[in-house]
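Here is the structure we will look at, set down as structure tokens.
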Amino acid sequence: MGNFPSEAQIKETEKMIDPLGSGLVKLSDLKHILTTVGEKMASEDVDSLYRLLGYSNVDMAVSYEGKSISNLLAC
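Position one of the sequence shown corresponds to residue 0 (numbering that gives the first Met the number 0), numbered consecutively onward.
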């Protein structure tokens, strides 16, 4: 599996994908970031990760309120 972006890169991108601070991120937006920012993950790796986490619809939004996106992925 590919490498995850650094925590600093993740925090910077959190501001880009959630400028209103709603605490929600669309999985499709998160996938775009994970495959294009920092040490890029392969698209297939992100898809596998989502399947493992039980996320079947990339158009759904998930809450990361109170935690960073990297912690969301580690759940």
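Positions of the beta carbon are idealized from the N, C-alpha and C atoms, including for glycine.
Pairwise C-alpha distance: residue j and residue i
| i | j | result |
| --- | --- | --- |
| glycine 22 | alanine 60 | 10 Å |
| glutamate 6 | valine 36 | 12 Å |
| lysine 14 | glycine 20 | 8 Å |
| glycine 53 | glutamine 8 | 25 Å |
| asparagine 56 | tyrosine 49 | 9 Å |
Sequence-distant residues of its chain with Cβ nearer than 7 Å to residue i (five each side left out)
| i | result |
| --- | --- |
| valine 24 | Ile16, Asp17, Ala60, Val61, Tyr63, Ile68 |
As assigned by DSSP and simplified to three states, the class of residue i
| i | result |
| --- | --- |
| leucine 26 | helix |
| alanine 41 | coil |
Distance between beta carbons of residue j and residue i, contact taken as under 8 Å
| i | j | result |
| --- | --- | --- |
| proline 4 | glutamate 38 | 6 Å |
Cβ neighbours of residue i in the same chain (closer than 8 Å, five flanking residues each side left out)
| i | result |
| --- | --- |
| threonine 34 | Met40, Ala41, Ser42, Val45 |
| leucine 51 | none |
Sequence-distant residues of its chain with Cβ nearer than 6 Å to residue i (five each side left out)
| i | result |
| --- | --- |
| lysine 30 | Val45 |
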